[in-house]
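Enquirer:
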Amino acid sequence: MFRNKVIVREYERGLLYQNGRFAGLLPPGRYRYWRWQDRKVDLVDVREVSQTVEGQEILSADKIGVRVTLIAQFRVVDPVAARHQVGDYRSQLYQDLQLTLREAVTGRTLEDLLKERDALSTGLREDVAPRALAYGVELSRVGVKDMILPGTVRAVFLQEVEADLKGRASLAAARHEVAAARARANTAKLVQENPLLLRLQELETLAQLASKSGNVVVVPGLDGLFGRASGSGPTS
Numbered sequence: 010m011f012r013n014k015v016i017v018r019e020y021e022r023g024l025l026y027q028n029g030r031f032a033g034l035l036p037p038g039r040y041r042y043w044r045w046q047d048r049k050v051d052l053v054d055v056r057e058v059s060q061t062v063e064g065q066e067i068l069s070a071d072k073i074g075v076r077v078t079l080i081a082q083f084r085v086v087d088p089v090a091a092r093h094q095v096g097d098y099r100s101q102l103y104q105d106l107q108l109t110l111r112e113a114v115t116g117r118t119l120e121d122l123l124k125e126r127d128a129l130s131t132g133l134r135e136d137v138a139p140r141a142l143a144y145g146v147e148l149s150r151v152g153v154k155d156m157i158l159p160g161t162v163r164a165v166f167l168q169e170v171e172a173d174l175k176g177r178a179s180l181a182a183a184r185h186e187v188a189a190a191r192a193r194a195n196t197a198k199l200v201q202e203n204p205l206l207l208r209l210q211e212l213e214t215l216a217q218l219a220s221k222s223g224n225v226v227v228v229p230g231l232d233g234l235f236g237r238a239s240g241s242g243p244t245s
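Quick note on numbering: this note's numbering labels position 234 of the sequence shown as 243, and the sequence is numbered without any gaps.
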């Protein structure tokens with residue numbers, strides 16, 4: 010009745026204050042103290058959490074407005090520093106990421122930003138992590154969640170992609186045409202050098218026709234007809 014009860018859970022740490030002064034760090038467990046004692050316990054969550062840094066329109070080095078949204082994963086590794094070094098460690102981390110992102114975007118062209126998203130994320134974490142650790146926060150990961158471009162810029166990129174796809178399709182079609190022309194030329198050369206190949210092809214065609222139809226009429230070529238006609242007449 011005259012005691013206050015405090016439970017520090019497994020994923021928390023308790024900062025004990027007595028008469029307004031920090032008295033110690035409490036590990037997980039149950040604690041009781043008399044009400045007349047001027048004691049207060051401040052609980053700090055030490056689990057890893059995610060925080061989204063909403064995008065603000067920033068001008069790149071080539072003066073194009075870009076809106077970049079970040080996602081950061083972090084956890085409190087020093088509860089005392091997290092409470093005593095800054096007023097609100099979450100807000101401080103948010104501001105540090107936002108300012109560092111602004112510096113990174115203004116120092117790169119739009120093309121570099123699109124090509125180096127992974128490098129941008131890595132650079133942001135490397136720049137902010139030491140500062141965050143100073144107020145008790147371990148920054149484990151920073152990633153670019155999305156990058157929004159102006160409508161006119163998106164339209165230009167879509168046109169470039171469409172033109173690139175059309176160019177690849179035309180190149181593939183041209184390669185197929187060249188390959189087919191080479192195949193026809195090689196076939197014509199083989200037939201010219203080996204006339205029997207043409208005769209074999211004719212026989213294969215006749216065999217295929219015979220398998221589909223019972224009656225096949227073979228008509229000789231013009232050379233054969235003229236040859237027979239010239240050979241059947243009287244000789245002088």
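Glycine included, C-beta positions come from ideal geometry on N, C-alpha and C. None of these values were measured; they are calculated from a predicted model.
Name the one or two DSSP bridge partners that G116 has.
Expert: Here the question's residue 116 lines up with position 107 in the sequence shown. None, per the DSSP bridge assignment.
Enquirer: Just verifying my parser: in three-state terms, what is the DSSP assignment at Q82?
Expert: One-based indexing of the sequence shown puts residue 82 at position 73. The answer is strand: DSSP assigns Q82 an E or B state.
Enquirer: Along the alpha helix (DSSP H) that carries D51, what are the first and last residues, could you check?
Expert: As a first step, residue 51 must be located in the sequence shown, where it is residue number 42. It is not in any alpha helix (DSSP H) - D51 instead sits in the beta strand (DSSP E) that spans R48 to D54.
Enquirer: Spatial neighbours of A113 within its chain, please: C-beta separation below 7 Å, excluding the five flanking residues on both sides.
Expert: Within the sequence shown, numbered from 1, the residue matching residue 113 stands at position 104. Contacts found: L129, G132 and L133.
Enquirer: What do you get for L187, buried or exposed, if any count of 16 or more other CB atoms within 10 angstroms of its CB means buried?
Expert: As a working mapping, residue 187 is identified with position 178 in the sequence shown. According to the sequence provided, residue 187 is Val. The question's Leu does not apply to it. Its Cβ having fewer than 16 others within 10 Å, V187 is exposed.
Enquirer: Which partner residues of S67 appear in the DSSP bridge assignment?
Expert: Residue 67 sits at position 58 when you count from the first residue of the sequence shown. The sequence shown places Ile at residue 67, rather than the Ser named in the question. For I67, which the question treats as bridged, DSSP gives the partners V75.
Enquirer: Residues in the same chain with beta-carbon distance under 7 Å from T118, minus the five sequence neighbours each way, listed in chain order, please.
Expert: Here residue 118 refers to the residue found at position 109 of the sequence shown. Within the same chain, T118 has close Cβ partners S69, A70 and D71.
Enquirer: Among the candidates P139, V95, K154 and L158, whose CA atom is the shortest distance from the CA of I73?
Expert: Within the sequence shown, the letter at position 64 stands for residue 73. Cα-wise, what sits closest to I73 is L158.
Enquirer: Buried or exposed, going by whether 16 or more other CB atoms sit within 10 Å of the CB of A91?
Expert: Along the sequence shown, read from residue 1 onward, the residue named residue 91 stands at position 82. With 16 or more other Cβ atoms within 10 Å, it is buried.
Enquirer: Where Y20 and V86 are concerned, what is the direct C-alpha to C-alpha distance, given to the nearest angstrom?
Expert: On the sequence shown, position 11 is the one that residue 20 refers to. On the sequence shown, position 77 is the one that residue 86 refers to. Going from the Cα of Y20 to the Cα of V86 covers about 12 Å.
Enquirer: V53 and Y40 - do their beta-carbons sit closer together than 8 Å?
Expert: Mapped onto the sequence shown, residue 40 falls at position 31. Mapped onto the sequence shown, residue 53 falls at position 44. Not a contact, by the Cβ cut-off of 8 Å.
Enquirer: Checking 8 Å against the spacing of the C-beta atoms, do V137 and T109 come in under that value?
Expert: Locating residue 137 in the sequence shown gives position 128, counting from the first residue. Locating residue 109 in the sequence shown gives position 100, counting from the first residue. In this structure, T109 lies closer than 8 Å to V137 by Cβ.
Enquirer: Cβ of A128 versus every heavy atom of the ligand ADP: is any distance shorter than 7 Å?
Expert: With respect to the ligand ADP, the structure offers nothing, as it holds no ligand at all.
Enquirer: Between which two residues does the alpha helix (DSSP H) holding V89 run?
Expert: The residue you call residue 89 lines up with position 80 of the sequence shown. Element bounds for V89: P88 to H93.
Enquirer: For Q32, collect the residues of the same chain with a Cβ closer than 7 Å to its Cβ; drop the 5 residues on either side in sequence, then sort them by chain order.
Expert: Position 23 of the sequence shown, counted from the start, is the residue given in the question as residue 32. One point to set straight first is that residue 32 is Ala, not Gln, in the sequence displayed. Closer than 7 Å at the Cβ level, and outside the excluded window around A32, lie L25 and Y26.
Enquirer: I'd like to know whether the C-beta of G23 is nearer than 8 Å to at least one C-beta of chain B.
Expert: The chain labelled as chain B is not found in the depicted structure, where only one protein chain is given.
Enquirer: Where does G132 sit, in a helix, a strand or coil, going by DSSP?
Expert: Position 123 of the sequence shown, counted from the first residue, corresponds to residue 132. Helix at G132.
Enquirer: Could you check which residue in D47, W45, P139 and V55 has the C-alpha nearest to that of V17?
Expert: For this step, residue 17 is matched to residue 8 along the sequence shown. Checked all of D47, W45, P139 and V55; the closest Cα to V17 is V55.
Enquirer: Would F83 and L35 qualify as a contact pair, given that the criterion is a beta-carbon distance under 8 Å?
Expert: Counting from 1 along the sequence shown, the entry for residue 83 is found at position 74. Counting from 1 along the sequence shown, the entry for residue 35 is found at position 26. Not a contact, by the Cβ cut-off of 8 Å.
Enquirer: A181: buried (16+ other C-beta within 10 angstroms of its C-beta) or exposed?
Expert: For the purposes of this step, residue 181 is identified with residue 172 of the sequence shown, where counting begins at 1. Answer is exposed; the Cβ neighbour count stays below 16.
Enquirer: With N13 as the anchor, note down where its beta strand (DSSP E) starts and where it stops.
Expert: Your numbering for residue 13 matches position 4 in the sequence shown. That run of the beta strand (DSSP E) goes R12 to V17.
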